[in-house]
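Okay, structure first, notes after.
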Amino acid sequence: MIPRVQHSILQGRVPGVSYRLFMYSTSYTRLRAQELAKSTKPFLAKGKSVKRCGDCQMGEFACMCAWRPAAESAVEFVLLMHRKELFKPTNTGRLIIDTFPGTRAYLWNRLEAPEELKALLNDPARQCYVVFPADDSGTTTRRVVQSLPATSKKITLILLDGTWKQCSRMVGLSRWLDGVPCLSLPETLVRSYTVRDSGKSDRFSTIEAAISCLLLAGEAEPAQTLQHYFSVFNQHYLATRGVCTPEPGESHDFLQGVLEARHSNAHSAA
């Protein structure tokens, strides 16, 4: 059996499991690096005096890389990101990409869809939806659904990643999104974001929207994994903000079990 994880920046690793704490690469990290390279001045987040982990963006004393899970789902997510959201340590869209490594991320453009996203939207083998509250979409012609249909097509959910004001503009100003039906989530699903609060009951953070989508699709297991990862994120971000070491809890234990199971399965397969 793999020994229990020690919860600290220096010891927070499962022995025998490889962690790429440096040069960690996802669609989010590549997009972020691309936009940082264009910047004429460095982005300074709140708490800029804190020395942060280059991957999870938490304080080094509150690094959460050791609990980065991986899950699978029949639902595919696509993140359409506002540029400003790329640089915020409070961004939760990146947690979805951590958990589902094949998740694509694109930078929003008002005039046209990124070429790869355009291909996804036009793929006859996919059923695409943009996830957004119908009342805030600014249009009466968009088809709105509140559940996901049984279909042989690949369910592809476009998550808008930005502040609520930014997301409203992204939907309202992007004529190329007009033909994509809207998935409007029930208000009674996930609500646990303690870092930023929109102040409206129907307004989810990006990761809450993803968890709710998974529950709608009957994907309880990956939803649970993502929920626990989100809980760890909240705890570690608050610890970073408070300049204190986070105390391990139930969600850390759950993710440790996920990591141990994955390691065990990989070892058996080998």
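Okay, so the sequence shown: first residue is 1286 according to our numbering, each after it adds one.
Idealized CB from N, CA, C, for every residue including glycine.
Q | the segment 1389-1407 touching the segment 1540-1547, judged by at least three CB pairs closer than 8 Å | A | By the Cβ test, the segment 1389-1407 is not in contact with the segment 1540-1547, since fewer than three Cβ pairs between them sit closer than 8 Å.
**Q.** Proximal residues to SER1459 (C-beta, below 7 Å), its chain only, five neighbours per side dropped
**A.** Result list for SER1459: ARG1395, in chain order.
Q: Please state whether DSSP places GLN1412 in a helix, a strand or coil.
A: In this structure, GLN1412 counts as strand in the three-state DSSP scheme.
Q. Alpha carbon to alpha carbon, what distance is there between HIS1537 and PRO1531?
A. Cα to Cα, the separation comes out at about 11 Å.
Q) If VAL1456 and LEU1468 are in contact, beta carbons under 8 Å, what's the gap, nearest whole angstrom? A) With a Cβ gap of about 12 Å, VAL1456 and LEU1468 do not count as contacting.
Q. Pick from ARG1317, THR1325, ALA1551 and ALA1356: whose alpha carbon is nearest that of GLY1339?
A. GLY1339 has its Cα closest to that of ARG1317, out of ARG1317, THR1325, ALA1551 and ALA1356.
Q. So the beta strand (DSSP E) ALA1390 belongs to, where does it begin and stop?
A. Per DSSP, ALA1390 is one residue of the beta strand (DSSP E) stretching across 1389-1392.
Q.
On a Cα-Cα basis, can you pick out the residue from GLN1431, LEU1511, ASN1376 and VAL1517 that is closest to ALA1355?
A. Answer by Cα proximity: LEU1511.
Q: Report buried or exposed for ARG1428, applying the criterion of at least 16 other Cβ atoms within 10 angstroms of its Cβ.
A: So ARG1428 counts as exposed.
Q: Could you pull the start and end residues of the beta strand (DSSP E) that VAL1363 belongs to?
A: That run of the beta strand (DSSP E) goes 1361-1366.
Q) Taking the C-alpha atoms as reference points, what is the distance between GLN1451 and SER1553? A) Distance between the alpha carbons of GLN1451 and SER1553: 47 Å.
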